[in-house]
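Taking UniProt numbering, the leading residue of the sequence shown gets 1, the next gets one more, and so forth. Ideal placement from N, C-alpha and C gives every residue a C-beta, glycine not left out. None of these values were measured; they are calculated from a predicted model. Structure first, commentary second.
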Amino acid sequence: MNKNRLVAFTDAIIAIAATIMVLDLHLPHPSNLRGLWADRTVFFAYTISYILIYTVWSSHHDLFEKAQFISIRTFLLNGLWLFFLTLVPFATNWVGTDPDTTWAEVFYCLILLLWSIAFHLMDHQIVRDNPTVPHDNSTRPLDRSIIYLTYLSGIGIGIAFFSPVLSLIIVGFLSVLMTLRMFSTGYHHSEDSH
1 MNKNRLVAFT
11 DAIIAIAATI
21 MVLDLHLPHP
31 SNLRGLWADR
41 TVFFAYTISY
51 ILIYTVWSSH
61 HDLFEKAQFI
71 SIRTFLLNGL
81 WLFFLTLVPF
91 ATNWVGTDPD
101 TTWAEVFYCL
111 ILLLWSIAFH
121 LMDHQIVRDN
131 PTVPHDNSTR
141 PLDRSIIYLT
151 YLSGIGIGIA
161 FFSPVLSLII
171 VGFLSVLMTL
181 RMFSTGYHHS
191 EDSH
């Protein structure tokens with residue numbers, strides 16, 4: 001499998017998913033601050049999902065940058081990861097337009113959970129397929145961030161049964177913290193990738 005083609009395809013799918021999410025945002029009615037405030041959960045859900053997509057896109061780039069060999073398993077796991085990623089816009093729209101519905105929040109958190117598990121499996125497969133590539137500590141924040149996303153999604157599912165809105169707020173808050181932590185703990189792209 002040609003790594004560059006797979007990464008280019010993945011980048012295109014990620015860009016399309018982010019575009020679909022923004023196209024789901026509609027003009028507020030009435031067209032004033034009150035109308036914008038009425039749509040706050042839609043914008044909040046969009047913001048959470050955008051932050052996660054952007055962060056994981058960066059992580060995906062760094063993960064594949066170190067890989068010299070892409071196996072069919074990695075190819076399939078990347079496809080599974082993209083499948084869950086393409087469900088993020090639908091889940092975001094649902095939870096944003098109906099934030100008080102338990103099942104909207106459960107579905108949103110379930111998609112995030114499955115998405116992070118697929119990424120974690122893909123990460124481990126790439127490490128397994130490339131034993132001669134040194135795996136330094138620069139990707140440790142990435143590993144921890146994906147694990148945090150897995151846990152926070154599971155916690156969000158549990159909380160959604162009691163308070164769907166609180167679940168969305170907690171997932172949003174923890175997503176921002178996870179992202180800030182990942183970028184503030186030495187996680188960086190290598191210099192030759194720029």
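Given a cut-off of 8 angstroms on the beta-carbon distance, is the pair residue i and residue j in contact?
i: ASN78; j: LEU6; result: yes
i: ILE111; j: PHE84; result: yes
i: LEU87; j: THR10; result: no
i: MET21; j: PRO89; result: yes
i: SER184; j: LEU149; result: no
For the alpha helix (DSSP H) containing residue i, list its first residue and its last residue.
i: PRO89; result: 72-97
i: MET122; result: 102-129
i: VAL7; result: 3-23
i: SER58; result: 40-66
Just to check my reading of the structure: residue i and residue j have Cβ atoms closer than 8 angstroms, yes? What is that Cβ distance to the nearest angstrom?
i: ALA118; j: LEU80; result: 5 angstroms
i: VAL106; j: ILE157; result: 5 angstroms
i: PHE161; j: THR102; result: 6 angstroms
Could you tell me the alpha carbon to alpha carbon distance between residue i and residue j, rounded to whole angstroms?
i: ASP39; j: LEU76; result: 38 angstroms
i: PHE64; j: LYS3; result: 8 angstroms
i: SER59; j: LEU36; result: 32 angstroms
i: LEU23; j: TRP57; result: 20 angstroms
i: SER163; j: THR55; result: 27 angstroms
i: GLY49; j: ALA15; result: A small fix is needed here, since residue 49 is Ser in this sequence, not Gly. Taking the straight line joining both Cα atoms gives about 13 angstroms.
i: ALA8; j: HIS61; result: 10 angstroms
i: MET122; j: ARG73; result: 8 angstroms
i: MET1; j: THR92; result: 32 angstroms
i: SER175; j: THR97; result: 20 angstroms
i: ILE159; j: LEU114; result: 17 angstroms
i: VAL165; j: TYR108; result: 12 angstroms
i: PHE173; j: VAL133; result: 35 angstroms
i: GLN125; j: ILE13; result: 21 angstroms
i: HIS194; j: ILE147; result: Model confidence at HIS194 stands at a pLDDT of 39, short of 50, so the residue's coordinates are unreliable and nothing is read from them.
i: LEU180; j: HIS120; result: 19 angstroms
i: ALA104; j: ILE51; result: 19 angstroms
Counting pairs of Cβ atoms below 8 angstroms between the segment 157-177 and the segment 39-53, do you hit three or more? Counting Cβ pairs under 8 angstroms, three or more are found: they touch.
Could you tell me whether the segment 151-165 touches the segment 18-30, where touching means 3 or more Cβ pairs closer than 8 angstroms? Fewer than three pairs of CB atoms, one per stretch, sit closer than 8 angstroms, so the segment 151-165 makes no contact with the segment 18-30.
Stretch-stretch touch, CB-based, cutoff 8 angstroms, three pairs: the segment 114-131 with the segment 63-71: At 8 angstroms Cβ cutoff, the stretches touch.
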